[in-house]
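> Those sequence lines, one after another, are chains Y and W.
For the first sequence, the numbering used here begins at 34 and goes up steadily by one.
For the second sequence, the numbering used here begins at 78 and goes up steadily by one.
In this text, a Cβ means the ideal position worked out from N, Cα and C, and glycines have one as well.
First the structure, then my questions, so here it is.
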Amino acid sequence: MSAVRGVVAAVAVALALVLQVSVFGPLAWEGVVPNLCLLVVVAGALTRGPQFAMVLGFGAGLLLDLAPPADHVAGRWALALLLVGYLVGRVRPESRPTATTVVATVAGASFVGTSVFALSGVLLSDPVVGVGETLSVLAVSLVWDVLLTPFVLPPLMALFRRLEPAHAL
Amino acid sequence: MALLDRVGTARRAPGTPREEQPVRPGRPGRSRRTRSLMSRHERRERRWGHEGGTGAEPPRASRSLLVALLLASATVTTLDLATGEDSPLDPVRGVLADTMGPAQGAATAVVRPFTAIGGWFESNGSLRDEVATLEAENSALRSELNTSAYDRNRLAEYDGLTSVAADLGYSLVPSRVVGVGPAQSFSSTVTIDAGTDAGVQPDMTVVNNDGLVGRVLSAGRSTATVLLLVDPEATVGARVGDSMEMGFLSGRGVIGDEGRLDLELVDDSSVPARADSVVTWGSDGGAPYLAGIPIGRVTKVYSSLRETAQRAVIDPYVDFGALDLVGVVVPTGTRSDRGIIGADGEIAGGGR
Chain Y
34 MSAVRGVVAA VAVALALVLQ VSVFGPLAWE GVVPNLCLLV VVAGALTRGP QFAMVLGFGA
94 GLLLDLAPPA DHVAGRWALA LLLVGYLVGR VRPESRPTAT TVVATVAGAS FVGTSVFALS
154 GVLLSDPVVG VGETLSVLAV SLVWDVLLTP FVLPPLMALF RRLEPAHAL
Chain W
78 MALLDRVGTA RRAPGTPREE QPVRPGRPGR SRRTRSLMSR HERRERRWGH EGGTGAEPPR
138 ASRSLLVALL LASATVTTLD LATGEDSPLD PVRGVLADTM GPAQGAATAV VRPFTAIGGW
198 FESNGSLRDE VATLEAENSA LRSELNTSAY DRNRLAEYDG LTSVAADLGY SLVPSRVVGV
258 GPAQSFSSTV TIDAGTDAGV QPDMTVVNND GLVGRVLSAG RSTATVLLLV DPEATVGARV
318 GDSMEMGFLS GRGVIGDEGR LDLELVDDSS VPARADSVVT WGSDGGAPYL AGIPIGRVTK
378 VYSSLRETAQ RAVIDPYVDF GALDLVGVVV PTGTRSDRGI IGADGEIAGG GR
């Protein structure tokens, strides 16, 4: 992984976290905000494949786990986003993905990411949350992520595509 | 043989070779099949590996990376979970609080004018309705006050006493909410823009002008993380104001209109009335919660025969979905980088 690509990815993730926490905070619907970090990981996975996406997901997750408003046991988002990166990277289409594919992938990724996080919470008995509550959060976050996809994914994918090894340096 | 050649040329003519058809024994057919197999293999390689074209990587590499990263996240979780209070990740958390916290503050400052736009679109009609409801409520409250003049006088005396008592100890550090933790993380926390520089320390009470907000979990230099009352892990000792009945209050993890709290009452003989107010009973030394801070009002009471306890549902006074200006309760005389609000409403100090 080239240094430029790493720096760009880190900046994208940090920006996503700040936007997610500060800008979408007042707009939250039932407290749920769009998971921009997850969208960054999906964009990375769709353009650059599982290896890049796994590292990106791990880093983004660790940032989500440790940066200020977080209070849960660290490593839970890292695990969730790492798996999202791996899965999306494995199932990504060979050619340039169509709009429908991207939306479907984001929906799947959002479901998998939030579920893995919730399940890790159940295993570690970190927060005590009911099943109904968990499902409603899952549904709302899925809707949020899909709604934001047309605005977030195309520029991010273009960015990551421009950082192909051939153009990188 | 001539027939075979003709078939071969006829097949080649359309341009796209059909790979699925069993090919007759003959040299051109066999070579085409091997070529198509190779290209299929190459395509598969390309699909699993990098797109770069500098040589496809085998899937084994990505699998070992997956295992390595899975182990890394498990290690992080174990480290954080097993070491408890003084986690080795705390320095990292501190660094992130000092870098991401100010970034969140800056982003909120940029966005605040835009999030206020929503208020402009409230129609005249809805504002009129609001005024009417508020006037009705106001007159109801006033009549209530007038009918209980004696109570009011007595209360005023007590209030004087308590404010004197409050004068002895505590002041407020004003601050704003700059970041809200997502509900996807299943914990209700916010970032505020006051940290240790402003005199904020962990386990301090956070209030706003409606009532109790929560307590400080951790403080960086310029920001602090606050655990809200509605978090399922936040437990507050509370008493029903009208009967002094004690109980334990816990959140449900829901922010917004349905953000309710559950009050588990210790004594099941006296039933709290609807709209009774609930206040904190305070902890030893005023940390993490001070005594007598209003929390909310009773909306429903359930009694459970099996657990021989009563559970009251509390509607909090604070609107957790729209938190902005909050105050952190600090001991009077704390050194701070901003003006501290004293118990008498006076602003003391202030480096700003």
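Please confirm whether residue 128 of chain Y has its beta-carbon closer than 7 Å to some beta-carbon of chain W.
no
> Helix, strand or coil: which one does DSSP assign to residue 99 of chain Y?
In the structure shown, residue 99 of chain Y sits in a helix (DSSP, three-state: H, G or I).
> Along the segment 166-181 of chain W, where does the CB come closer than 8 Å to a CB of chain Y? Name the residues.
166, 169, 170, 173, 174, 177, 178, 180 and 181
> What's the C-alpha gap between residue 111 of chain Y and residue 173 of chain W?
Approximately 16 Å between the Cα atoms of the pair.
> My parser needs the alpha helix (DSSP H) runs of 4 or more residues fully inside the segment 61-128 of chain Y; what are they?
69-81, 83-99 and 109-124
> Going by DSSP, which residues form a beta bridge with residue 269 of chain W?
W/254 and W/301
> Near residue 418 of chain W, which residues of its chain fall below 7 Å by C-beta distance, leaving aside the five closest residues on each side in sequence?
248, 249, 251, 404 and 424
> Are there three or more Cβ pairs, one per stretch, closer than 8 Å when the segment 73-81 of chain Y is compared with the segment 129-140 of chain Y?
Yes: the two stretches touch, three or more of their Cβ pairs being nearer than 8 Å.
> When the cut-off is 7 Å and only beta carbons count, does residue 193 of chain Y lie next to chain W?
So, not an interface residue.
> Looking at chain Y, is there any beta carbon in it that lies within less than 7 Å of the beta carbon of residue 258 of chain W?
yes
> Does any residue of chain Y bring its CB to less than 7 Å from the CB of residue 100 of chain W?
A caution first: residue 100 of chain W carries a pLDDT of 44, below 50, which makes its placement in the model too unreliable to give a value.
> So that I know if they touch, is there some Cβ in chain Y lying closer than 7 Å to that of residue 264 of chain W?
yes
> Can you list the beta strand (DSSP E) stretches of 3 or more residues lying completely in the segment 315-352 of chain W, in chain order?
Counting only runs of 3 or more, we get 322-328 and 338-342.
> Out of W/147, W/178 and W/291, state which residue places its alpha-carbon closest to the alpha-carbon of residue 370 of chain W.
W/291
> Using the Cβ count rule (16 or more neighbours within 10 Å means buried), how would you classify residue 373 of chain W?
buried
> Let me know if residue 155 of chain Y comes out buried or exposed under the rule of 16 or more other beta-carbons within 10 Å of its beta-carbon.
exposed
> Check distances from the C-beta atoms of the segment 102-122 of chain Y to those of chain W and list, in chain order, the residues that come in under 7 Å.
The segment 102-122 of chain Y vs chain W, Cβ under 7 Å: 102, 103, 104, 105, 106, 107, 108, 109, 111, 112, 115 and 119.
> Considering residue 367 of chain W, what are the terminal residues of the beta strand (DSSP E) in which it resides?
Looking at the DSSP string, residue 367 of chain W is not in any beta strand (DSSP E), and its letter there is neither H nor E.
> Just to make sure I have the definition right: I need the residues of chain Y whose C-beta is within less than 8 Å of the C-beta of residue 294 of chain W. Which are they?
104
> Taking a contact to mean a Cβ-Cβ separation below 7 Å, would you say residue 433 of chain W touches residue 306 of chain W in this structure?
This structure cannot speak to residue 433 of chain W, because chain W is shown only from 78 to 429.
> State the beta-bridge partners of residue 430 of chain W as determined by DSSP.
No answer is possible for residue 430 of chain W: the residues shown for chain W start at 78 and end at 429.
> Helix, strand or coil: how does DSSP classify residue 410 of chain W here?
coil
> Return no unless some Cβ of chain W is closer than 7 Å to the Cβ of residue 158 of chain Y.
no
> Whose C-beta lies closer than 6 Å to the C-beta of residue 164 of chain W among residues of the same chain, with five residues either side of it excluded?
Excluding residues within five positions, the ones whose Cβ falls inside 6 Å are 157.
> Do the segment 44-51 of chain Y and the segment 157-173 of chain Y make contact, defined as three or more Cβ pairs closer than 8 Å?
Three or more beta-carbon pairs separated by less than 8 Å are not found between the segment 44-51 of chain Y and the segment 157-173 of chain Y, which leaves the two stretches without contact.
> For residue 255 of chain W versus residue 185 of chain W, is the C-beta distance shorter than 7 Å?
Yes.
> If I measure Cβ to Cβ from residue 126 of chain Y and keep anything under 7 Å in the same chain, skipping five residues before and after, which residues do I get?
134
> Apart from the five residues just before and just after residue 344 of chain W, which ones in its own chain have a Cβ nearer than 7 Å to its Cβ?
322
> When you compare the CB of residue 327 of chain W with every CB in chain Y, is at least one pair closer than 7 Å?
no
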